[in-house]
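Number of protein chains: 2
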Amino acid sequence: MILDGKSVSIKVLELVRDKVSTLPKLPHLVVILIGDDPASKIYVKNKQIAAQKVGIKSTIINLPDSISEEILLNKIKEYNEDSDITGILVQLPLPVHIDKNKVVTAISPKKDVDGFTPENVGRLAIGLEPYFYPATPQGIIMLLDEYKIPIEGADAVVIGRSNIVGKPMAQMLLKRNATVTVCHSYTKNLESKIKTADIVISAVGNKIVRCKMDKKNSVIVDVGIFKDSNGRLTGDVDFDLVSSSAGYISPVPGGVGPMTIASLMYNASKVYE
Amino acid sequence: MILDGKSVSIKVLELVRDKVSTLPKLPHLVVILIGDDPASKIYVKNKQIAAQKVGIKSTIINLPDSISEEILLNKIKEYNEDSDITGILVQLPLPVHIDKNKVVTAISPKKDVDGFTPENVGRLAIGLEPYFYPATPQGIIMLLDEYKIPIEGADAVVIGRSNIVGKPMAQMLLKRNATVTVCHSYTKNLESKIKTADIVISAVGNKIVRCKMDKKNSVIVDVGIFKDSNGRLTGDVDFDLVSSSAGYISPVPGGVGPMTIASLMYNASKVYE
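Chain order of the listed sequences is F and W.
Numbering-wise (my numbering), the first sequence opens with residue 1 and increments by one.
Numbering-wise (my numbering), the second sequence opens with residue 1001 and increments by one.
#1: Just to confirm, are residue 1224(W) and residue 1235(W) a CB contact at a threshold of 7 Å?
#2: Can you list, in chain order, the residues of its chain whose CB lies under 6 Å from that of residue 221(F), leaving out five sequence neighbours each side?
#3: Check whether the segment 1025-1035 of chain W and the segment 1047-1061 of chain W touch, using three or more Cβ-Cβ pairs below 8 Å as the test.
#4: Between residue 1030(W) and residue 101(F), what straight-line distance do the alpha-carbon atoms span, to the nearest angstrom?
#5: In whole angstroms, what separates the C-alpha of residue 1099(W) from that of residue 1244(W)?
#6: Between residue 188(F) and chain W, is there a C-beta pair that is closer than 7 Å?
#7: Taking only three categories from DSSP, how would you classify residue 1248(W)?
#8: Which residue from 81(F), 113(F) and 35(F) puts its Cα closest to that of residue 62(F)?
#9: Nearest-angstrom Cα distance between residue 80(F) and residue 273(F)?
#10: Against residue 203(F), what residues of chain W qualify as contacts under a CB-to-CB distance less than 8 Å, listed in chain order?
#11: Strictly by DSSP, which residues pair up with residue 1279(W)?
#12: Which stretch, first to last residue, makes up the beta strand (DSSP E) that contains residue 162(F)?
#13: According to the neighbour-count rule (16 or more other Cβ atoms, all chains shown, within 10 Å of its Cβ), is residue 1096(W) buried or exposed?
#14: Quick one: does residue 165(F) have its CB under 7 Å from some CB of chain W?
#15: Please report the distance separating the alpha-carbon of residue 1260(W) from that of residue 1119(W).
#16: Determine the closest residue to residue 65(F) out of 53(F), 83(F), 82(F) and 92(F), with distance taken between C-alpha atoms.
#17: Tell me whether the segment 1122-1133 of chain W and the segment 1158-1172 of chain W touch, counting them as touching only if at least three CB pairs, one residue from each stretch, are closer than 8 Å.
#18: Which residues of chain W have a Cβ atom closer than 9 Å to the Cβ of residue 125(F), listed in chain order?
#19: What does residue 1155(W) reach in chain F if we use C-beta pairs closer than 9 Å?
#20: Helix, strand or coil, according to DSSP, for residue 87(F) in the structure here?
#21: Counting pairs of Cβ atoms below 8 Å between the segment 1174-1183 of chain W and the segment 1129-1138 of chain W, do you hit three or more?
#22: Can you list the residues of chain W that residue 174(F) reaches, using a CB-CB cut of under 7 Å?
#23: For the segment 1204-1211 of chain W against the segment 200-216 of chain F, do three or more pairs of beta-carbon atoms, one drawn from each stretch, fall closer than 8 Å, so that the two count as touching?
#24: Given residue 109(F), which residues of its chain have a CB within under 6 Å of its CB, disregarding the five upstream and five downstream residues?
#25: Take every Cβ of the segment 151-165 of chain F, pair it with every Cβ of the segment 12-24 of chain F, and state whether three or more of those distances are shorter than 8 Å.
#26: In terms of DSSP beta bridges, what is residue 1234(W) paired with?
#27: Using a C-beta cutoff of 7 Å, does residue 1177(W) count as contacting chain F?
#28: Could you give the first and the last residue of the continuous beta strand (DSSP E) run that contains residue 209(F)?
#29: Residues of the segment 1080-1095 of chain W in Cβ contact with chain F at a cutoff of 8 Å, in chain order, please.
#30: My output table needs one value for residue 1177(W): the three-state DSSP class, helix, strand or coil.
#31: In chain F, what lies closer than 9 Å to residue 1128(W) by C-beta?
#32: Is residue 267(F) closer than 7 Å to residue 44(F) when the C-beta atoms are compared?
#33: Give the DSSP-derived three-state secondary structure of residue 120(F) in the structure shown.
#34: Going straight from the alpha carbon of residue 145(F) to that of residue 39(F), what length do you get?
#35: Just to make sure I have the definition right: I need the residues of chain F whose C-beta is within less than 9 Å of the C-beta of residue 1152(W). Which are they?
#36: Do residue 16(F) and residue 143(F) have their beta-carbon atoms positioned less than 7 Å apart in this structure?
So, in structure tokens, the structure goes:
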């Protein structure tokens, strides 16, 4: 069975649009884009289009590659203090002369729609409600819930330990009472860990999940997205091989990608005073 | 082989004492104790004795059970702002009318010697250096390192997911490139997860680890400590059964307990301006 992120994301966006239309205050998302990396430009554009769809005001702040860290931090401070702005997002990656951690840490936790600040990450880790959950893992949980996939008690394997996907995904699955194993480049016997899992979430960026699954109800979520040698968009999972033995599988494209955008808009619709 | 926390903790305390004697500013630890719970009193007393041993100034602030949350939060604010005080520790548990999360969150991250504030937890989770690591998992890492136990690439099973031990332990093992599985009350087939692990860290509070280990070099760390039906102090691990099949095992008492105190003193010796 296909985990159809495309169609579920449309439902989520509709719910967000309905919610936004009843809010006393219009959410306003500021997206900071530094330089002119073509991929970053596309991501930012897609976020703006999604925001328009759900009725959220968005402003793209395009700053030159040459901007100093200090000026960028001051900009963020200004947006933190501007009560008209309810969400701040800095498109990654940043130029090498800018310390990503300093920038992320500078965003007010109550406007941190990406959920990347230490305060929000820490709140998630200690079981307090964060102001925002990171968009990709939150979108994956929404997708699993839509298909009524049981998470409690499941053996979940998360491959990859980035701050954006792997680590918050592990925290969110643990919060839902899964038994979570975090795998990465140092992991031994990865295939045997994958095969025996109930839920596999792979966020690596190469074709790493390519085995038959032991459990016919197992669930495979593919977060990877990259171009193969023929220039076609593909994911971490060998779809044909794995799908024949698994219960549920998310395609690439059309799986986690649209859920991430919808989940980000869900975040952007949250207004903290 | 016994992981002798008692003797390793003495070495750590000596190193801390040497370090403290060279510091330009004397560390000053404030321990807030609310009410007169006998166990809490003993823990606080032990911390004070350890502080004395290493030359760290400590002050116990004993507040009545009836204290309001507001007054407690104001006290913490006062200690945050007092430049003479370098570490603040609130002995848990707190009376039920006081919100533990509010209290922990109120401590300045730079004085949070327990490493429990969202900022420190979040910094650990995103790979930034926290100002302080939680004492028990930090003490366990010190113990493993003393015995030169390889962590990188090891399959580690952490049983229990408290904010004090299980969750930060998982983060610290992951940071050291172990493959980490977090198990808890909803975990299925716990025994098979324990048996096949390279490192097992159990922090539950009942006799849950009682199987033969598959790997003869496996490492068992017992964080549990409670009284058995005969009134004797014991831990999570069936020592006789497990030790015959494992490579290393920490005893209770004399294992993790003394390492936790030594690790806390290591934290208390850190002075941030």
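Here a beta-carbon is modelled for each residue, glycine too, at the ideal position from N, C-alpha and C.
Once the coordinates are examined:
#1: Cβ atoms of residue 1224(W) and residue 1235(W): closer than 7 Å.
#2: 140, 201 and 250.
#3: At 8 Å Cβ cutoff, the stretches touch.
#4: Taking the straight line from one Cα to the other gives about 31 Å.
#5: Linking residue 1099(W) to residue 1244(W) through their CA atoms gives a straight-line distance of about 44 Å.
#6: Taking Cβ atoms only, chain W reaches closer than 7 Å to residue 188(F), which makes this a yes.
#7: The answer is strand: DSSP assigns residue 1248(W) an E or B state.
#8: For the residues 81(F), 113(F) and 35(F), the minimum Cα distance to residue 62(F) belongs to 35(F).
#9: Going by the C-alpha atoms only, they are around 11 Å apart.
#10: By Cβ distance, chain W contributes nothing, its closest Cβ being about 15 Å from residue 203(F), past 8 Å.
#11: The structure shown does not extend to residue 1279(W), since chain W spans only 1001 to 1273, so no value can be given for it.
#12: Counting along the chain, residue 162(F) falls outside any beta strand (DSSP E), and DSSP gives it neither H nor E.
#13: Exposed, since its Cβ has fewer than 16 Cβ neighbours within 10 Å.
#14: For residue 165(F), the answer is no, since every Cβ of chain W falls outside 7 Å of its Cβ.
#15: Here the alpha carbon of residue 1260(W) sits roughly 21 Å from the alpha carbon of residue 1119(W).
#16: For the residues 53(F), 83(F), 82(F) and 92(F), the minimum Cα distance to residue 65(F) belongs to 92(F).
#17: Put simply, the segment 1122-1133 of chain W touches the segment 1158-1172 of chain W. At least three CB pairs are less than 8 Å apart.
#18: Simply 1118, 1121, 1122, 1124, 1125, 1163, 1167, 1168 and 1171.
#19: What residue 1155(W) touches in chain F: 181, 187, 188, 189 and 193.
#20: Judged by DSSP in its simplified three-state form, residue 87(F) adopts strand.
#21: The answer is no - the segment 1129-1138 of chain W does not touch the segment 1174-1183 of chain W, with fewer than three Cβ pairs under 8 Å.
#22: Listed by position along chain W, the residues whose Cβ is nearer than 7 Å to that of residue 174(F) are 1161 and 1182.
#23: Remark: fewer than three beta-carbon pairs, one from each stretch, lie closer than 8 Å, so the segment 1204-1211 of chain W and the segment 200-216 of chain F are not flagged as touching.
#24: Hits under 6 Å: 117, 119, 120 and 131.
#25: Contact between the segment 151-165 of chain F and the segment 12-24 of chain F is absent, because fewer than three Cβ pairs lie under 8 Å.
#26: According to DSSP, residue 1234(W) bridges with 1226(W).
#27: So yes, residue 1177(W) belongs to the interface.
#28: No beta strand (DSSP E) holds residue 209(F); DSSP gives it neither H nor E.
#29: Result list empty, no residue passes.
#30: Coil, per DSSP.
#31: Neighbours of residue 1128(W) on chain F, chain order: 101, 105 and 118.
#32: The answer is no: Cβ separation not under 7 Å.
#33: Here residue 120(F) sits in helix by DSSP.
#34: Taking the straight line from one Cα to the other gives about 30 Å.
#35: The CB of residue 1152(W) comes closer than 9 Å to the CB of 186 in chain F, given here in chain order.
#36: No, they are not a contact pair.
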